[in-house]
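Colleague: FYI, in the working numbering the residues of the sequence shown are 52 to 169.
After the structure tokens below, expect a handful of questions from me.
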Amino acid sequence: QVQLVESGGGLVQPGGSLRLSCLGSGLAVSEFALAWVRQTPGHEREWLAVLRRSGDAPVYADSVKGRFTIIRDNAKNTLYLEMKSLKPEDTAVYYCAAGLTDTSWGYWGQGTQVTVSS
């Protein structure tokens, strides 16, 4: 059974940092395109960072560029999202996704809540 399990969400103050993890089970993250996505109620899903299978440089949304870093650790079969300089508008449920291509995302994690508030 293929699973992506996220962890690391929580409450953080504005300006703080957080690292999200996405552990792959039943699949090798090294063989997939990977992404982090977030969603807030009443808003469309926002794609934050995408890592292609090709090994090209990651692609980031303008809203997180320079603050968020997507990292693939093949040895741990885990995808990370390192977040710094967090803002209240970063509050959302964060999901990791895996796909055979960066236009076909077949696997999703359950989501982890990130709340940025003082």
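All residues carry an ideal CB built from backbone N, CA and C; glycine is no exception.
For Gln90, list the residues DSSP reports as bridge partners.
Modeller: Walking along the sequence shown from the start, residue 90 turns up at place 39. The partner list for Gln90 (beta bridge, DSSP) reads Val144.
Colleague: DSSP puts Gln54 in a beta bridge; with which residues?
Modeller: Residue mapping note: residue 54 aligns to position 3 of the sequence shown, counting from 1. Answer is Ser76, bridged to Gln54.
Colleague: According to DSSP, is Ser155 part of a helix, a strand, or is it coil?
Modeller: Sequence index remark: in the sequence shown, residue 155 carries index 104 (1-based). Reduced to three states, the DSSP call for Ser155 is strand.
Colleague: Less than 8 Å separating the beta-carbons of Thr120 and Val80?
Modeller: One-based indexing of the sequence shown puts residue 120 at position 69. One-based indexing of the sequence shown puts residue 80 at position 29. No. Outside cutoff.
Colleague: Among the residues of its own chain, which have a CB less than 6 Å from the CB of Val53, if the five just before and after it don't count?
Modeller: As a first step, residue 53 must be located in the sequence shown, where it is residue number 2. Only Gly77, Leu78, Tyr158 meet the Cβ criterion.
Colleague: For the beta strand (DSSP E) containing Val167, list its first residue and its last residue.
Modeller: Counting from one through the sequence shown, the residue named residue 167 turns up at place 116. 163 to 167 is the extent of the beta strand (DSSP E) around Val167.
Colleague: My assumption, with CB atoms under 8 Å, is that Leu137 sits in contact with Val167. Please give the rounded CB distance.
Modeller: What you label residue 137 is simply residue 86 of the sequence shown in a count that begins at 1. What you label residue 167 is simply residue 116 of the sequence shown in a count that begins at 1. Confirmed, about 5 Å.
Colleague: Roughly how many angstroms lie between the CA atoms of Ala126 and Leu74, to the nearest whole one?
Modeller: By 1-based counting over the sequence shown, the position of residue 126 is 75. By 1-based counting over the sequence shown, the position of residue 74 is 23. About 11 Å.
Colleague: Is the Cβ-Cβ distance between Tyr111 and Leu99 less than 8 Å?
Modeller: Taking the sequence shown and counting its residues from 1, the one referred to as residue 111 is at position 60. Taking the sequence shown and counting its residues from 1, the one referred to as residue 99 is at position 48. Yes.
Colleague: If you follow the beta strand (DSSP E) that Leu137 is part of, which residue opens it and which one closes it?
Modeller: Locating residue 137 in the sequence shown gives position 86, counting from the first residue. Taken as a continuous stretch (DSSP letters only), Leu137 belongs to no beta strand (DSSP E), as it is neither H nor E.
Colleague: Would you decide whether Ala149 is buried or exposed? Buried here means 16 or more other CB atoms lie within 10 Å of its CB.
Modeller: What you label residue 149 is simply residue 98 of the sequence shown in a count that begins at 1. Buried, because 16 or more other Cβ atoms sit within 10 Å of the Cβ of Ala149.
Colleague: Cys147 and Leu55 look like a contact to me (Cβ under 8 Å); what is the Cβ gap, rounded to whole Å?
Modeller: Residue numbering aside, residue 147 sits at position 96 when the sequence shown is read from its first letter. Residue numbering aside, residue 55 sits at position 4 when the sequence shown is read from its first letter. Yes, they are in contact, since the Cβ atoms of Cys147 and Leu55 sit about 5 Å apart, within 8 Å.
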